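First comes the structure, then the notes that go with it.
Protein chains: 2
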Amino acid sequence: MITMTEIARLTGVSQPTVSRVLNGNTSVKPEVREKVLACAREHNFQPNAMARGLVGSGTKLIGVVLTDISNSFFADLEKYMEQAARKKGYSLILFNSDYDREKEKHCLDVMRRYRVDGLVIVPVAEHDAAFREDIKALDIPAVAITRETDQMDCVYIEHAEAGAQVAEHLKSVGCEHYIFVGTTEDKKYLGFAEKMKETDLHFEQKLTLIETKNSREIQGILKAHFDTHPGKTGIFAYNDRRAVQVHGILQKLGISMPERAALVGFDNTYTCEYLYPALSSVSQPNREMAEEAVNILIKNIGQPEGRELVAHPMGARLIVRESSEISEKERTK
Amino acid sequence: MITMTEIARLTGVSQPTVSRVLNGNTSVKPEVREKVLACAREHNFQPNAMARGLVGSGTKLIGVVLTDISNSFFADLEKYMEQAARKKGYSLILFNSDYDREKEKHCLDVMRRYRVDGLVIVPVAEHDAAFREDIKALDIPAVAITRETDQMDCVYIEHAEAGAQVAEHLKSVGCEHYIFVGTTEDKKYLGFAEKMKETDLHFEQKLTLIETKNSREIQGILKAHFDTHPGKTGIFAYNDRRAVQVHGILQKLGISMPERAALVGFDNTYTCEYLYPALSSVSQPNREMAEEAVNILIKNIGQPEGRELVAHPMGARLIVRESSEISEKERTK
DNA sequence: CTGTTAGCGCGTTCAC
DNA sequence: GTGAACGCGCTAACAG
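Protein sequences, first through last, are from chains A and R. Just so you know, my numbering puts 36 at position 27 of the first sequence, and the rest follows in order with no gaps. Just so you know, my numbering puts 266 at position 257 of the second sequence, and the rest follows in order with no gaps.
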């Protein structure tokens with residue numbers, strides 16, 4: 010691996026001159042310039058980012074901590090973040106926290122070793138004070154993505170608002186009962202429930218909760234529900250993975266969508282449109298969110314200090330598909 | 010960010026002593042040792058990986074180039090690679106080549122800047138001589154993953170053998186016609202076709218190819234096929250993404266699985282078992298492959314030079330599910 | 001325009 | 001056991 014000093018030797022100039030040529034800051038005599046450039050190209054010179062980082066000009070590294078990249082929503086995010094980072098000359102060093110605070114902390118430590126210029130993180134527990142301490146202790150720009158987070162820059166989805174959209178939709182297609190797949194702490198649920206309660210004081214009595222991820226158990230709950238509840242039931246799942254699972258079980262049980270069950274997922278992954286009936290889902294502005302996070306981060310990296318916190322909420326949009334839209338059959342009756 | 014020199018100053022010893030304590034090589038007087046360790050812990054010292062890399066002890070960085078992390082198969086791989094790497098004290102710097110040779114080359118260059126100790130790559134074009142040149146020019150250990158690659162270490166799936174398994178299976182469930190979704194250069198297809206031809210000289214006349222990814226077009230082809238071909242058709246898709254797409258279209262067209270169409274995908278992603286009917290798919294030893302790649306790589310990083318090439322083929326296993334197994338209905342007739 | 005000098009944080013001699 | 005001195009590759013003054 011060739012170095013600047015080596016190029017200097019080969020071309021008979023000093024190493025700083027090579028540096029000047031390769032970084033194109035100050036002016037260098039054209040002929041020297043050409044000679045150096047030629048030599049660098051010939052040997053496919055790549056500057057040693059380590060050495061650069063050492064002298065304090067930054068590492069051009071962004072640490073990214075995701076909870077789980079095998080979730081395709083996060084995989085998409087990482088892809089877009091990489092694209093955005095690359096445009097500005099940054100690379101990504103990636104970690105999975107596995108939804109584990111301990112591991113998350115470990116990731117933060119390791120990133121520090123590489124002296125990343127900044128980091129983007131999907132927090133395991135965004136409201137944990139210890140987490141925010143950890144971030145603050147790093148003393149580098151950091152932006153949280155996906156979740157709203159106090160005291161740090163964040164780019165996130167208005168989950169409550171999205172949940173409300175789903176509520177509105179499910180009401181509009183004539184649901185009489187509801188099932189939420191997920192936990193009640195989820196902001197999606199909160200927004201969903203709140204919107205429901207606006208027009209229906211008895212909403213909670215019409216609601217069934219599915220917290221398990223076990224197919225057999227879900228099937229049991231769904232069967233029991235539909236055996237005893239005539240009319241249409243709106244089902245809202247906290248992500249597409251669960252929604253697809255429910256979709257399959259409904260099919261298996263022979264419960265028709267959207268006539269008896271109007272199903273809505275979250276994330277709008279590619280599977281949605283491949284399913285039959287196609288799955289309605291809330292689409293998050295994935296790419297925009299990723300780009301915005303990276304851009305905010307890089308801007309902060311440039312700033313000397315003392316900036317204001319930015320919280321950038323982004324809107325999600327429900328994409329209605331066959332699994333929940335008013336069907337031909339219903340419309341014409 | 011505290012440094013060894015700083016710790017040395019605080020504890021009144023020399024910087025090399027701090028280094029000795031923190032790296033635990035040579036012996037240091039216990040009391041000094043304790044004092045230094047205490048100070049390091051107090052300030053949550055993290056060694057500067059840049060400086061370490063600079064002095065030549067390696068960067069503990071592994072470059073990973075995937076074609077597209079938003080494919081959940083690769084996302085899984087990356088997750089397992091990270092786990093394996095972490096166990097040995099390595100971190101991953103991740104790139105997506107987007108199936109683009111140019112970008113791939115760029116990734117390689119950038120990795121070089123960070124002086125990664127080695128790299129794992131899913132080649133865009135594993136048989137491209139230029140690609141192998143690029144890798145060789147890097148002059149660091151590299152292992153190709155997923156695809157068999159000449160002249161470099163590789164861990165891969167025996168796609169042809171997997172294709173043969175699928176052929177065997179589809180024959181055994183009584184298919185009279187076949188559809189392959191993908192391209193004929195695909196090794197899966199080659200193994201599939203070869204196995205078929207062993208027992209059926211007219212196989213190619215019984216085969217329909219679907220190369221498009223467009224839903225409407227696929228639907229057209231499938232409809233035409235099933236309108237004109239009675240009996241059971243075996244469908245083999247080169248990955249689950251396509252298989253799920255076909256699954257939905259078959260459902261939409263009212264073509265029953267597995268009676269009229271026996272469908273098999275590839276990758277065995279989580280969606281397979283959530284679908285109804287559940288999707289048969291070829292399961293690759295994902296985790297093992299990732300771990301093996303990383304382990305081979307790290308072993309090579311340790312070696313001074315001059316090792317032999319290792320090519321580690323791994324077996325895939327067809328997981329038969331409802332979409333292609335002999336159904337109750339068929340069995341009892 | 002260009003060379004000299006210094007120093008980033010660390011591991012590695014080599015003396016003491 | 002431990003400190004002094006050096007160098008990895010590079011950027012940032014500073015002097016010419």
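Idealized CB from N, CA, C, for every residue including glycine. On a predicted model such as this, the values are computed, not experimentally measured, just so you know.
Here P39 (chain A) carries a helix assignment [DSSP, helix/strand/coil].
Beta bridge pairing from DSSP links S81 (chain R) with no other residue. When C-beta distances to chain R are compared with 9 angstroms, every residue of the segment 179-198 of chain A stays at or above that value.
The alpha helix (DSSP H) runs lying completely inside the segment 233-272 of chain A and spanning 4 residues or more are 249-262, given in chain order. Annotated three-state conformation of N309 (chain R) is helix, per DSSP.
Chain R has no Cβ within less than 7 angstroms of the Cβ of K38 (chain A).
Rounded to the nearest whole angstrom, the CA to CA distance from G200 (chain A) to V190 (chain A) is 14 angstroms. It is roughly 29 angstroms from the alpha-carbon of L284 (chain A) to the alpha-carbon of A202 (chain R). Here the alpha carbons of A171 (chain R) and M323 (chain R) stand approximately 10 angstroms from one another.
Taking every protein chain shown into account, the CB of Q214 (chain R) has fewer than 16 other CB atoms within 10 angstroms, so this residue is exposed. For R124 (chain A), same chain residues with a beta-carbon under 8 angstroms away, outside a window of 5 residues either side, are G62, T68, L70 in chain order. The beta carbon of D236 (chain A) is closer than 8 angstroms to none in its chain, skipping five residues each way along the sequence. The segment 152-218 of chain A contains, as complete beta strand (DSSP E) runs of 3+ residues, the segments 162-166, 186-190 (chain order).
Here DSSP, grouped into helix, strand and coil, assigns G229 (chain R) to helix. Contact note: E91 (chain A) reaches chain R through I78, L103, F104, N105, using a C-beta cutoff of 9 angstroms and chain order.
Restricting attention to beta strand (DSSP E) runs no shorter than 3 residues, the segment 72-123 of chain A encloses them at 100-105, ordered along the chain.
Look at the segment 54-72 of chain A: the residues with a C-beta under 9 angstroms from a C-beta of chain R are Q55, P56, N57, A58, M59, A60, R61, G62, L63, T68, K69, L70.
By the Cβ neighbour-count rule, S81 (chain R) is buried, with 16 or more other Cβ atoms within 10 Å of its own. V119 (chain R) and D126 (chain R) have their C-alpha atoms some 13 angstroms from each other. Remark: three or more beta-carbon pairs, one from each stretch, lie closer than 8 angstroms, so the segment 231-247 of chain A and the segment 268-275 of chain A are flagged as touching.
Under the three-state reduction of DSSP output, S28 (chain R) falls in the helix class. Closest in C-alpha terms to T193 (chain R), from the list R:I305, R:H178, R:T217, comes R:T217.
Spanning the alpha carbons of A153 (chain R) and M298 (chain R) requires a straight line of approximately 11 angstroms.
Between the segment 317-334 of chain A and the segment 171-190 of chain A, the count of C-beta pairs closer than 8 angstroms reaches three or more; the two stretches touch. Judged by pairs of C-beta atoms under 8 angstroms, the segment 45-59 of chain A does not touch the segment 81-95 of chain A, as fewer than three such pairs exist. Counted as a single uninterrupted DSSP element, the beta strand (DSSP E) harbouring G127 (chain R) occupies residues 127-130. If you draw a 10 Å sphere on the C-beta of N34 (chain A), you find fewer than 16 other C-beta atoms in it, and that means exposed. Membership of R326 (chain R) in the beta strand (DSSP E) is indicated by the continuous run 326-328. The residues M323, in chain order, have a CB closer than 6 angstroms to that of P294 (chain A) in the same chain once the five nearest residues on each side in sequence are set aside.
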